[in-house]
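Have a look at the structure below, then the notes.
Protein chains: 2
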Amino acid sequence: MNDRVIGILGGGQLGRMLALAGYPLGLRFRFLDPAGDAPVRYLAEQVVASYEDHLAVAQFGDGLMVATYEFENVPVATARALEQRIPVYPPPQALEVAQDRLVEKRFFAQLNIPTAPFAPVDDRASLDAAIEQIGLPAILKTRRLGYDGKGQTLIENRADIDDAWYALGGQPLILEGFVPFARELSVLAVRGQDGAVACYPLVENLHRNGILYRSIAPAPRLTAEVQLLAETYARRVLEALDYVGVLAIELFEADADRAGSARLLANEMAPRVHNSGHWTIEGAVTSQFENHLRAIVGLPLGDASARGCAAMVNLVGSLPDVTMLLALPDTHLHLYDKAPRPGRKLGHVTVCAGDATRLAERLAMVERYMPLSPFSPGD
Amino acid sequence: MNDRVIGILGGGQLGRMLALAGYPLGLRFRFLDPAGDAPVRYLAEQVVASYEDHLAVAQFGDGLMVATYEFENVPVATARALEQRIPVYPPPQALEVAQDRLVEKRFFAQLNIPTAPFAPVDDRASLDAAIEQIGLPAILKTRRLGYDGKGQTLIENRADIDDAWYALGGQPLILEGFVPFARELSVLAVRGQDGAVACYPLVENLHRNGILYRSIAPAPRLTAEVQLLAETYARRVLEALDYVGVLAIELFEADADRAGSARLLANEMAPRVHNSGHWTIEGAVTSQFENHLRAIVGLPLGDASARGCAAMVNLVGSLPDVTMLLALPDTHLHLYDKAPRPGRKLGHVTVCAGDATRLAERLAMVERYMPLSPFSPGD
């Protein structure tokens, strides 16, 4: 296992946590990230360059055992160029699907995975046609480069249409029907090179201003039916893409259908380790980071079971008093070594407990120390 | 917490695991180690120089928040020189005590912590006197620089005396009575800057050829009386030294005394994180590495409770088939990125379970994959 260097496109907190999980496996890391102050800068080799810099990408790829990404907006061309020389997991096609909301929704539809109703919007006329087809309320979104709530706007009624078009028009868009849902869940699954699949228990996610604020795992009141349904969808995606590594799918849990069956609508997928899986570091037998690495280097997957109950809270914009947090029971701090900035994810806290009641008590204590920071778009 | 650089004297596996535990706390690391191929070389800044190189030590110390050690044979003078400029934890006096078996045993005796009978041996006459006093069998040991079974020889009967003297004579020695003991235990405790103390459950250790082979935590059949006794001894040492950080004490569990009370004899102490505490990474609420860092930077200590049962097996000399190991349930691999060499600790495996019976089953599976390597002195 020595002399095995893993290349990671993107050097943010996900890359940082991949490296921390991978060193114990005897792996080494090289990152490509345009930012000189990337969170990985002190703990691994970093090529500081644009993802479009062909020379830098070639230098980055030199001698790697395998390359992966921790950021889904890596140019697909860069991933494909690397793939000419070394294995790249997950497959670049997964990037392609995840980078375009329309391609993604059509991909889910092809696999018989339910989604909210959607229609492409390329001009003002097609926006009107899409509203005719889907009805209101609906959400107008850019097809590309939207994350953490950026690049989308709600159209509640006809009076909002002009404003929405003014805000987003002139680029490829998608209109999505607004589906009443009880909560957002996410499923994290990992597939090995041998096709073995492991799924983590579903997570319940709560967002604030479009940014993930909190995840609870396993999701409260999770039924075996819902878990199985989500796993079925995840497996379809993994197999359709001949996927290797960790995949996250965000799901809306809608009301049961007329037959009383559970309904999950796929919202989007991330072809990488995911913020809603950070709880797995302390809360699962094998973390998402370790399992992603096991998958891409061809090791057997680890057990994805939860060890108990866990909740993760993101530290966004500014840091709380970490001394107070660390005095709380079974509370674990993860800082990313990033400069504070409104809306920026600076770290997270995971709190664990043996049962859901105890977890709720501990989570309440953790949340008491969270700063009341202004949430605004960031990274 | 940012811009806080921790200096660590020694860049071996203990330093590596300290860094991996410290990055999530927002800490950064600088190591001093004479070896260019130290296990920390890829994951932190390293000054490659001798511990006696005053210029390099000064350069190493520049701008550090605090310094610590992961290797107890760091020259005390180096630690004291650093202490003129920055806080150094644990206190250099702890190094002084731990580096000399005679000083150490006298220190235990002063604190009313039982040990095997011992006597200093400086020449052949004092060896004879020591044998007269202590009786045989006994163990002749160098006072300094002995570890992993190096620098010691058993004197079973009078016929062995000449050989023992021939092997070790000419340097400061100590003769220790051979005490029949049921097993070796170790206690790991951590003390914060505020004087708070947390103790991990006692660990049962098994050595092979003088090298730690396996630890089980909590120690099987551990009674509250024995745990409390060990904690009492650990607290005495911590308080006598105004200690900050993790301390390990190796203990022999002897037969109960005539009144039926438990008896623990202190063998030696290590003023640092310890091999018998590696299980805490997965097996305790807070690992020994994180707790050492929390202590030396002035954060509150984390819970030292076990999460369940855990066993750690050292990978010595050569590596087993890690693919097979990683397929076993709740089995965790830690490689140190060291070149294989007989007797060298290359990594360890920790296996966890909810109860002792299940742990024994899983440990048996893990041990089936251990290489039958020749054990010989190493590092």
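Top to bottom, those sequences are chains A and B. Per numbering that gives the first Met the number 0, the first sequence starts with residue 0, numbered consecutively. Per numbering that gives the first Met the number 0, the second sequence starts with residue 0, numbered consecutively. Even for Gly, the Cβ is constructed at its ideal location relative to N, Cα and C.
Around the Cβ of residue i, are there at least 16 other Cβ atoms within 10 angstroms (buried) or fewer (exposed)?
i	result
A:Ser260	exposed
B:Pro319	buried
B:Ala108	exposed
B:Pro23	buried
A:Pro38	buried
A:Pro89	buried
B:Pro373	Summary for B:Pro373: the model assigns pLDDT 44, below 50, so the residue's position carries little reliability; its value from the coordinates is reported in the next sentence. Counting Cβ neighbours within 10 Å, B:Pro373 comes out exposed, since fewer than 16 surround it.
A:Gly35	exposed
A:Glu281	buried
B:His331	buried
B:Arg207	exposed
B:Thr279	buried
B:Leu226	Rather than Leu, the amino acid found at residue 226 of chain B in this sequence is Gln. Buried, because 16 or more other Cβ atoms sit within 10 Å of the Cβ of B:Gln226.
Given residue i, which residues of its chain have a CB within under 7 Å of its CB, disregarding the five upstream and five downstream residues?
i	result
A:Leu13	Glu69, Arg271, Val272
B:Ala166	Thr152
B:Gln170	Thr141
B:Leu144	Asn72, Gly150
A:Glu366	Val312
B:Thr114	Lys104, Phe107, Ala108, Leu264, Ala265
A:Gly301	Val284, Thr285, Glu289, Asn290, Arg293
A:Ala20	Ser286, Phe288, Glu289, Leu292
By Cβ distance, which residues of its chain are closer than 8 Å to residue i, with the 5 residues on each side in sequence left out?
i	result
B:Val56	Leu31, Ala48, Tyr50, Thr77, Ala80, Leu81
B:Gly404	Only positions 0 to 378 of chain B appear in the structure, and residue 404 of chain B is not among them; the question remains open.
A:Ala255	Ala261, Arg262
Under 7 Å, Cβ to Cβ, is there at least one residue of chain A near residue i?
i	result
B:Tyr22	yes
B:Arg27	yes
B:Asp329	yes
B:Val284	yes
B:Leu334	yes
B:Leu13	no
B:Thr322	yes
B:Ala326	yes
B:Tyr41	yes
Kindly indicate which residue of the options has the alpha-carbon position closest to the one of residue i.
i	options	result
B:Tyr232	B:Leu264, B:Leu139, B:Gly353	B:Leu264
B:Arg100	B:Arg142, B:Ala124, B:Phe117	B:Arg142
A:Ser317	A:Ala181, A:Leu334, A:Gly169, A:Gln45	A:Leu334
A:Thr356	A:Pro33, A:Ala218, A:Glu103	A:Ala218
A:Pro86	A:Ser304, A:Glu267, A:Leu327, A:Ile7	A:Ile7
B:Asp122	B:Ile112, B:Asp161, B:Ala66, B:Leu110	B:Asp161
A:Leu26	A:His291, A:Ala338, A:Ala269	A:His291
A:Ala401	A:Ala253, A:Val245, A:Ala258, A:Thr279	Residue 401 of chain A is absent from the model: chain A starts at 0 and stops at 378.
A:Leu210	A:Ala195, A:Asn274, A:Ala223	Correcting the residue identity first, residue 210 of chain A is Ile in this sequence and not Leu. The shortest Cα separation from A:Ile210 among A:Ala195, A:Asn274, A:Ala223 belongs to A:Asn274.
A:Gln58	A:Ala66, A:Lys337, A:Val46, A:Thr67	A:Val46
B:Gly191	B:Ile295, B:Val65, B:Pro328	B:Ile295
A:Met364	A:Lys337, A:Arg343, A:Val321	A:Val321
B:Val65	B:Leu298, B:Lys344, B:Pro328, B:Met369	B:Leu298
B:Leu345	B:Tyr212, B:Ala129, B:Asp329	B:Tyr212
A:Tyr41	A:Met369, A:Asp52, A:Ala18	A:Ala18
Closest Cβ-Cβ distance between residue i and chain B: below 7 Å?
i	result
A:Arg220	no
A:Leu19	yes
A:Tyr380	No statement about residue 380 of chain A is possible, as the shown extent of chain A runs from 0 to 378 and does not include it.
A:Ala265	no
A:Pro299	yes
A:Ala34	no
Sorted by chain position, which residues of the same chain lie with C-beta nearer than 6 Å to residue i's C-beta, five sequence neighbours on each side aside?
i	result
B:His277	Met311, His347
A:Leu63	Val4, Gly6, Ile85
A:Glu44	Arg29
B:Ala181	Glu252
B:Leu221	Leu201
Applying a beta-carbon distance threshold of less than 9 Å, which residues of chain D neighbour residue i?
i	result
B:Arg293	Here the protein chains are A and B, and chain D is not one of them.
Under 8 Å: do the stretch 184–203 of chain B and the stretch 245–253 of chain B share three or more Cβ pairs, one atom per stretch?
Here the stretch 184–203 of chain B makes contact with the stretch 245–253 of chain B; the two share three or more CB pairs at distances below 8 Å.
Evaluate contact between the stretch 234–242 of chain A and the stretch 274–292 of chain A, counting only Cβ atoms and requiring at least three cross-stretch pairs below 8 Å.
These segments do not touch.
Using 8 Å as the Cβ pair cut-off and three pairs as the minimum, do the stretch 301–320 of chain A and the stretch 348–364 of chain A touch?
yes
So, does the stretch 164–181 of chain B touch the stretch 200–212 of chain B, judging by three or more C-beta pairs under 8 Å?
no
Cβ pair count under 8 Å reaching 3, the stretch 125–137 of chain B against the stretch 84–99 of chain B:
no
If you pair each beta-carbon of the stretch 125–133 of chain A with each one of the stretch 168–183 of chain A, do three or more pairs fall below 8 Å?
yes
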